[in-house]
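Note sheet for the following structure.
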DNA sequence: TGGATTTTTGGCAGCGGTAACGATACCAAA
DNA sequence: TTTGGTATCGTTACCGCTGCCAAAAATCCA
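Chains as they are written, first to last, in this note's numbering: chain F, 928 to 1244; chain E, 928 to 1244.
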């Protein structure tokens, strides 16, 4: 028992005994077994996090925000990625819950029925991010993807454009991408404009190559298009390169906008107009929220709304 | 006990009992506790993996290769990132080993003395990747970063260039980046050329912005430079954009090469000459190796050497 | 100096599974 | 009727740690 205490910093053990114990442990090559510790103390000191893709700067920022917020408390992150597949997400959630995390952070607000049920019954804080679901499971930290795109459409229309296209994935697997496309359609209709310039760019995650390919088709089928809003900065950059290859000048001949404020948006020539959803903030606030709940603080908000920022750059206007 | 068996697919339980048990478990909201299972059976069904940065397409590919190879066996990945900091890596390794992973995969071949000792004494398979250390701890799957850059230098020299520069991080924190820079210097010297055109681009991870900034300084201080090799495609692309902003044509006025064969290298205009180190392969082979060791197969190789591929594209020649 | 108080240390039990082994039911062959 | 084999199910102990409580040691105070 004293050995156990010696490995905790806060407990009361005399310095001499602690030193002796740590010395002996080192000599014996002893490594603390947190499996047993977790079983006995019924806590796991980690947070489960699922993101759609491991290779995505936006989600990486959210994870970073989370990690930085949780590190001071010694909470580890168990990270899993779903490949934009709800069935895979369900499997992942099941695996994670078996390990008894202190809380679970998921991306998006849509899940399989079973996944939803497991989360509801888990008895731990559940935080949905990057979205504002109608009926959240527990806590929500996110923004309206549709609304953010609407603001972009409104901005373009206010600048006098009317023939605006949207490049995005061709399934609803990426629910945030689908929400952005729906937001585009709704905004165009609200402005009394034709929302039919939709270019499907393949299965998510659609990246630069898909954006370029989609832009090629757009230029061929709807050459009078004045502006293109892309589901992400990566596809927007791909679209931009296709314009460069074809000698179509951006922005004098065509405007391009992306989503996410990835590094490339700021540095591309021309710099890409985009939307910054403050991904780091999402993670940081999720971390703060988890700590609040774990500490039993009262009045922890169920819903935190992030306000994405419109960044108008050289690729438009 | 029968309950325990009912949850394992292979054990012998009659269908009726199993159904009854699973039904009851579902009614009660029972969730299997893998903490207890792991403690009793002394195995953890996961693999620990450390990478320098979560937001890096190359390392993400390695993790993807690993995950795909391990999934058929139900092995999960516990992922941690070190921020290119060996002290942080040490902390991470200590945390991970406490959870008794089946194997551990680390990036790079340089670690703190204590981290190295912990890995050596861990009693589990240790796999170092993305490098070819002189004295590996256990298994190695990687390539010589210095050698890959040497081949690029040799190619440029064979094409008649002599005033070649290198853009990279200014510390040795990113050991692979430092190896690439060292490879550049050695190759230039071997060719009898001046290896002093070294532009320090800041602390890793250096990305697009740092590449652009470094290219700005290069163009100002060494305007007669004929070619630039960058420590990564991201910095190379940043450098390219700086050329575009300043009206310096690539490749007629200056050649640019990167490292990593990121998506952007293939799609940028002009497409970037680069080196493909087959990151997915590194992960896939690490997974296969782990399974071989876990199955007790004989003749598992201690050292697997990947041969990076030189990709000559429009940004050079 | 003796008793009260605080600090430090140790014993016991149990967290929720499973390894190991034993028991039971059932049926076919001896 | 006995024996043996197979399929299924149950009992016991224990994985390595920590909560709880009590004992021992050190410190304090009148």
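Built from N, CA and C at the ideal position, the CB exists for glycine as well. Quick caveat: nothing in here was measured; it's all calculated off a predicted structure.
| query | residue 1194 (chain E) and residue 1139 (chain F) look like a contact to me (Cβ under 8 Å); what is the Cβ gap, rounded to whole Å? | reply | Cβ atoms of residue 1194 (chain E) and residue 1139 (chain F) come within 8 Å of each other, at about 6 Å.
| said: Check whether the region 951-963 of chain F and the region 1178-1192 of chain F are in contact - that is, three or more C-beta pairs closer than 8 Å. | reply: no
| Quick one: is residue 1049 (chain F) buried, meaning 16 or more other Cβ sit within 10 Å of its Cβ, or exposed? | It counts as buried.
| request: Take every Cβ of the region 967-978 of chain E, pair it with every Cβ of the region 1028-1046 of chain F, and state whether three or more of those distances are shorter than 8 Å. | output: Segments in contact, no.
| task | Please list, in chain order, all residues of the same chain as residue 1189 (chain E) whose beta carbon is under 6 Å from its beta carbon, the five residues on each side excluded. | result | 984 and 1160
| task | Give a yes or no on whether the minimum CB-CB distance between residue 1196 (chain F) and chain E is below 7 Å. | result | yes
| message | Any C-beta of chain E within less than 8 Å: which residues of the region 953-976 of chain F qualify? | response | 956, 958, 959, 960, 961, 962, 963, 965, 966 and 971
| request: Just the C-alpha distance for residue 971 (chain F) and residue 944 (chain E), rounded to the nearest angstrom, thanks. | output: 32 Å
| Would the beta-carbon of residue 1110 (chain F) fall within 7 Å of that of residue 1158 (chain F)? | no
| Sequence-distant residues of the same chain with beta carbon closer than 6 Å to residue 1142 (chain F), five excluded per side | Contacts found: 1166 and 1169.
| message | For residue 1134 (chain F) and residue 1164 (chain F), what's the separation of their Cα atoms in angstroms? | response | 9 Å
| query | Is the beta carbon of residue 950 (chain F) within less than 6 Å of some heavy atom of the ligand FMN? | reply | This structure does not include the ligand FMN; it has no bound ligands of any sort.
| field | chain F residues whose Cβ lies nearer than 9 Å to that of residue 1190 (chain E) | value | 1134, 1135, 1136, 1161 and 1165
| request: Can you tell me which of the three DSSP states residue 969 (chain E) falls into? | output: coil
| message | I want to see whether chain F comes within less than 7 Å of residue 1168 (chain E), judged by CB atoms only; does it? | response | So yes, residue 1168 (chain E) belongs to the interface.
| Where the alpha helix (DSSP H) containing residue 1048 (chain E) begins and where it ends | 1040-1048 is the span of the alpha helix (DSSP H), which, as asked, contains residue 1048 (chain E).
| Test: residue 1203 (chain F) CB closer than 7 Å to a CB of chain E | no
| query | How about residue 1072 (chain E): is its C-beta nearer than 7 Å to some C-beta of chain F? | reply | no
| query | So what's residue 988 (chain F) in DSSP terms, helix, strand or just coil? | reply | In the three-state reduction of the DSSP assignment, residue 988 (chain F) falls in the helix class, which pools H, G and I.
| task | Report the residue from F:1144, F:1153, F:1221 and F:995 whose alpha carbon sits nearest the alpha carbon of residue 1126 (chain F). | result | F:1144
| said: I need the straight-line Cα distance from residue 1172 (chain F) to residue 1196 (chain E), nearest angstrom please. | reply: In this structure, the alpha-carbon of residue 1172 (chain F) lies about 7 Å from that of residue 1196 (chain E).
| Is any beta-carbon of chain E found at less than 7 Å from that of residue 1048 (chain F)? | Interface with chain E (7 Å Cβ-Cβ cutoff): residue 1048 (chain F) is included.
| Distance between residue 1001 (chain F) and residue 1028 (chain F) (C-alpha atoms, nearest Å) | 13 Å
| Residues that residue 1144 (chain E) contacts on chain F, provided the C-beta gap is smaller than 8 Å | Within 8 Å Cβ-Cβ: nothing; residue 1144 (chain E) doesn't reach chain F, min ~16 Å.
| field | Residues near residue 1211 (chain F) in its chain [Cβ-Cβ closer than 6 Å; skip 5 each side] | value | 992 and 996
| request: Assuming residue 1114 (chain E) contacts residue 1077 (chain E) (C-beta within less than 8 Å), just tell me the rounded distance between them. | output: 4 Å
| field | residue 1213 (chain E) versus residue 1054 (chain E) - alpha carbon distance | value | 7 Å
| Simplified DSSP state of residue 1227 (chain F), which is helix, strand or coil | coil
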